[in-house]
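Sequence order for the protein chains is A and B. Everything in the first sequence is counted per this note's numbering, starting at 577 for the first residue and increasing by one. Everything in the second sequence is counted per this note's numbering, starting at 4 for the first residue and increasing by one. Cβ atoms here follow ideal geometry from the backbone N, Cα and C, with glycine treated the same way.
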Amino acid sequence: SQKIEQNSEALNIQEGKTATLTCNYTNYSPAYLQWYRQDPGRGPVFLLLIRENEKEKRKERLKVTFDTTLKQSLFHITASQPADSATYLCALSPTGTASKLTFGTGTRLQVTL
Amino acid sequence: DSGVTQTPKHLITATGQRVTLRCSPRSGDLSVYWYQQSLDQGLQFLIQYYNGEERAKGNILERFSAQQFPDLHSELNLSSLELGDSALYFCASSVGAPGSYEQYFGPGTRLTVT
Numbered sequence: 577s578q579k580i581e582q583n584s585e586a587l588n589i590q591e592g593k594t595a596t597l598t599c600n601y602t603n604y605s606p607a608y609l610q611w612y613r614q615d616p617g618r619g620p621v622f623l624l625l626i627r628e629n630e631k632e633k634r635k636e637r638l639k640v641t642f643d644t645t646l647k648q649s650l651f652h653i654t655a656s657q658p659a660d661s662a663t664y665l666c667a668l669s670p671t672g673t674a675s676k677l678t679f680g681t682g683t684r685l686q687v688t689l
Numbered sequence: 004d005s006g007v008t009q010t011p012k013h014l015i016t017a018t019g020q021r022v023t024l025r026c027s028p029r030s031g032d033l034s035v036y037w038y039q040q041s042l043d044q045g046l047q048f049l050i051q052y053y054n055g056e057e058r059a060k061g062n063i064l065e066r067f068s069a070q071q072f073p074d075l076h077s078e079l080n081l082s083s084l085e086l087g088d089s090a091l092y093f094c095a096s097s098v099g100a101p102g103s104y105e106q107y108f109g110p111g112t113r114l115t116v117t
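See the structure below:
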């Protein structure tokens, strides 16, 4: 069955460092991969979208890579700040208007001073 | 503010009851999605509507139903409620197809079944 894996353990890093979060998937051939941020009790907020024919996407301090051979996406936050502390969700979708976006369970990031 | 509104914010009800959750999508968005998020399950896709028509179904129970109205707002109906239905219910909207466009999430409705 399709599986999306994100590290369930929290990632603790120091302010100013680069945070790297991993999203692995099996039995899946996604056409699109998205990353969202979610704060406790609030709705997810869209961050970045990358297509299967794209290797990398950047937006300000954020960078996403998409390796369809390894079936993995890496999400990087450079120069981390305490305000970046949140849960980060990856989500995958095949192509097609009737397809659905399937979310991973997320990784909690804690940035400390 | 995502532009997606959901009402009510909180709902407390008893087992066996029926509730209706309401969602208004962002202006211009034709797709509406419903998700359920509980502590042990993560964000689970329930159902998608596009311009009034059902487009995709996820792990939605038969006790749950939804619809999208001509003005594009959507309602999720939950009946014969059980304790296990307690969760955060999110509505999201997007311009088009699920994967190729980002989704904008509402603030959610927290349902507590006692």
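Close to Arg-618/A, with beta-carbon spacing below 8 Å, are these residues of chain B in chain order: Pro-110 and Gly-111.
If you ignore the 5 residues before and after Arg-613/A, its C-beta comes within less than 8 Å of the C-beta of Pro-620, Val-621, Leu-623, Ala-662, Thr-663, Tyr-664 and Leu-665, all in its own chain and listed in chain order. In the three-state reduction of the DSSP assignment, Gly-45/B falls in the strand class, which pools E and B. Following the DSSP letters along the chain, one finds Ala-95/B inside the beta strand (DSSP E) bounded by residues 90 to 97.
Looking only at Thr-18/B, Cys-26/B and Gly-19/B, the smallest Cα-Cα distance to Thr-112/B is reached by Cys-26/B. Annotation: Val-116/B to Leu-14/B spans about 8 Å, alpha carbon to alpha carbon. By DSSP's assignment, Phe-72/B forms no beta bridge with any residue. The C-alpha of Gln-610/A is placed about 13 Å away from the C-alpha of Thr-598/A. Inter-residue distance for Leu-114/B and Gln-9/B is about 12 Å (C-alpha atoms, whole angstroms). Taking a 10 Å sphere around the C-beta of Asp-32/B, we find 16 or more other C-beta atoms and assign the residue as buried.
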